[in-house]
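For the sequence shown, numbering that gives the first Met the number 0 assigns the number 0 to the initial residue and increments by one for each residue that follows.
Note that CB positions come from ideal geometry on N, CA and C, so glycine has one too.
Computed from a predicted model, the values in this text were never measured in an experiment.
Reading through the structure tokens given below for one structure.
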Amino acid sequence: MFRKKSIFPVLARKRWKRSSVAWVNLLLYGVILSNAYLIATPPRTSPPLPYYEATQTLPQECEYARVQLIADTSIIVPGESFLLGIRFELEKDWHLYWENPGSSGFPLSVEWNLPTGFEVGPLQFPSPQRYELSGFVTYVHEEAPMFIVPVTVPKNASVNTPVTIQASAQWLLCKEECIADSTTLRLEIPIGESEVSVNSGWFAQALAEQPESSKELALTMIASEKQLYLELDLDGLTVEATTDVYFYPRMEGIINPNAPQVLVKKPAGGVGLPRLELSFAQTYLDTLSDELANLSGVLAVGPSTYAVTASSPISTTKAANQQMGFEQRLLQYGLFGWLLLAFLGGVILNLMPCVLPVLSLKVFSLLKHSGQSRSHAIAHGLSYTLGVVLSFVVLAGVLFSLRSAGESIGWGYQLQSPGFTLSLGILFFVFGLNLMGVFEIGGGLVRADSKWAKRRDVQGSFVMGILAAVVGAPCMGPLVASVSGIAIQVPAPQGLLIFATMGLGLASPFFLLAAFPSLQCFLPKPGAWMEILKRAMGALLMLAVLFIAWIMLQSGGISAVIAFCISLLLAGFAAWIFGRWGAPVRPLRTRRTTTAVSLLLLIIALAYGALASRRAYADSSVVIQAEGSWATWSPDRVDAELAQGNPVFVDFTASWCLICQANKLALRSESADALFDTYGFVTLEADWTKRDPVIAKVLQKYGRAGVPLYLIYLSDGQVIELPQTITNTILRDTIMEHF
């Protein structure tokens, strides 16, 4: 129950007393000996460690980077200047952004907290590098960049007093993903009578990475509405290739970073200085006049970089001096002007040949329902408008998604897809058969004023809106080309809003006619003649089917046309079966069986056609050759002709672009051929019927979302852009103005 008391604590206390006495004696002997040594030894005269080294901060560990604030001196002097550096050590493949980040990103920003009287200069960035991903170009720094800033110490600063410098830094670090990060850096430096240099290796390297400013490079700007040329005096500099020269503008929003920069060594037939061809990020020169007056940047010539500024006044071409038209003035108002242009352009799309088949169906629908209530008519108009606007938004959303994924596509991309083009042709074919009386949907089943019939009519208006948007979107009518080009370059939310407004403009005439019956007074009254009109509309849709067959022939050859014809045969057979045995007079079971069989045949037609046409497009060796005196376009061909002093006319076109085909009546006429021969033009055709990323980049360079685009290249480096609608008069006047 009870434990014996241990005697170990007593023994331990006795031993500890003896050992502690020994340790105290040893400590006393040590103190005596050390004092004797200090008395016998004279004091050392070497200085203590520098104050800076004792207070230098270690690098901050951040995500994928180490950051440190350093100075080029360990002691600062009143009235003198010194350099601070924010030095990064980045992990492999990660990068920071230059002061102009390019197409995305944001640069390093620093907020300084300095002692009273200290003055800090601008942050100096190293020379940037180009980084391209999925067609988007950014200006970056990699590995171990250091950002320098000069600081001036006040003359009345107290000597032998340490000061604290604080920098709050924010940056964006990117690899495949991006990380926004920040940190606060501190540094203590004493104020003394003379400087002591430190970190000389890091600062020497950082200064060497700055663009050279001692060499004077003459820089002359020649600007037109959409093009900027930098005339360079490269005397004494070696330029082995045209890609050795690149201009990095310091200010954002002036030069398009995604457009290629082309050096023309011998413009105007070998006369004049070399010119670097750039592209504006905005559309018109007048909106950039203030920024261009202070244009500066970094000019890279091979491995060397130079800080350059405009050394001559801007000289402009005739196009820049012309009075701005209605379209250019609206573009100056920013988003409001863009939306107004988009709406007006959408209204004009109703007059384009692309939309005529669908528009004729809507006019027929108006006549058919002219006797119904206003509320029902408004429901029709709203449903049609909703179908148009939603379709424009969906098409634009897919476009933005594909472009962000690296696809070089533009507005009208859907007609470059074999499956989509074939499906559109089948849809036109089935609608045409319906108008020609091969089959009817729900006719006689219920009274025309029943709720089901009204609901079905409203749904039909929604489908018609989708169809109008799909076939009308690729049309580049007046006002549409410039605003659609802006829409694909601005942030996606603004771009979607612009395209939605364009759809609203396309739908507005029909909605107004539906909502205000008094506007229908110019339309004829319904009658027996409407059956004849109905058949005529069906024939018009069949012409649209033939046009789609021609598009498929141009893109996929005869194999694609055969697949299209087989699909039409299956779809026509499905329509005939439905019209023969799906009539309301048939028994319910027969109608259901007929509907199922017809839908199955239609699905087979779509599936087979899509697969077969895709295979035909992929296997096709069809190269669309230019006709007559026109040659096939390529960038090298343009450069070669310009090098020989020949002016060049380029027609960017596509088989599915009806306005392009209409313009060919003027461009391929005898008078146009005579005009081109008189002035020695080389005429080239760039066909975008099939997807071509090279053509897509040229369209993007000139602010276009799609075709048509007409360019005149002159041997002196000018590039003249013609309007989307071409006549012999416009062509003649434009050429004669510049010769």
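The beta-carbon separation of Trp410 and Ala704, rounded to 4 Å, stays under the 8 Å limit for a contact. At the C-beta level, Thr420 and Ser554 come within 9 Å of one another. Remark: fewer than three beta-carbon pairs, one from each stretch, lie closer than 8 Å, so the stretch 632 to 649 and the stretch 601 to 617 are not flagged as touching. Annotated as proximal: Phe81 and Ala70, with beta-carbon spacing under 9 Å. In the DSSP annotation of this structure, Gln519 is not part of any alpha helix (DSSP H), being labelled neither H nor E. Ranked by Cα distance from Leu186, the options Ser199, Gln204, Ser167 are led by Ser167. Each of Ile75, Val297, Asn257 was checked against the Cα of Val152, and the nearest Cα belongs to Ile75. Each residue's CA atom was taken as its position, placing Asp635 and Ile711 some 16 Å apart.
Ranking Ile734, Ser295, Val596 by CA distance to the CA of Tyr678 puts Ile734 first.
The C-beta of Ser108 has fewer than 16 other C-beta atoms within 10 Å across all chains shown, which makes the residue exposed.
Shown here, Arg579 sits in a helix according to DSSP, grouped into three states.
DSSP, reduced to helix, strand and coil, places Glu530 within a helical segment of the structure shown. A Cβ-Cβ contact shorter than 9 Å links Gln209 with Ala306. Boundaries of the beta strand (DSSP E) around Asp686: 681 to 686. In this structure the stretch 554 to 564 does not touch the stretch 658 to 671; the number of beta carbon pairs closer than 8 Å is below three. In this structure, the alpha-carbon of Tyr63 lies about 50 Å from that of Pro722.
By the Cβ rule, the stretch 465 to 473 does not count as touching the stretch 567 to 578, because fewer than three pairs are nearer than 8 Å.
With respect to the 9 Å criterion, Pro508 and Asn662 are not classified as neighbours on the basis of their beta carbons. Look at Trp337 here: in three-state DSSP terms it is helix.
Rounded to whole angstroms, the separation of the alpha carbons of Leu666 and Ala673 is 11 Å. Within the same chain, Val152, Lys154, Ala156 come within 6 Å of Pro77 by CB-CB distance, once the 5 residues on both sides are set aside. A contact between stretches requires three or more CB pairs, one per stretch, nearer than 8 Å, and the stretch 679 to 699 fails this requirement with the stretch 380 to 394. A buried status is given to Gly84, since no fewer than 16 other beta-carbon atoms sit within 10 Å of its beta-carbon. Looking at the backbone, the Cα of Tyr96 and that of Phe146 are separated by about 12 Å. Taking every protein chain shown into account, the CB of Gln260 has 16 or more other CB atoms within 10 angstroms, so this residue is buried. Secondary structure of Trp549 (DSSP, three-state): helix. For Cys659, there is no enclosing beta strand (DSSP E); the enclosing alpha helix (DSSP H) covers residues 657 to 666.
Per DSSP, the unbroken alpha helix (DSSP H) holding Gln204 starts and ends at 199 to 207. The continuous alpha helix (DSSP H) containing Pro692 extends over residues 692 to 700.
DSSP places Thr183 inside the beta strand (DSSP E), whose first and last residues are 177 to 189.
Within 10 angstroms of the beta-carbon of Ile547 lie 16 or more other beta-carbons, which makes it buried.
Of the candidates Ile347, Val429, Ser416, Leu262, Val429 places its Cα closest to the Cα of Leu568. Here DSSP, grouped into helix, strand and coil, assigns Tyr616 to helix. Counting only the Cα atoms, Glu251 lies some 11 Å from Thr137.
Counting only unbroken stretches of 4 or more residues, no alpha helix (DSSP H) element lies wholly within the stretch 120 to 172.
Under DSSP, Glu110 shares a beta bridge with Ser167.
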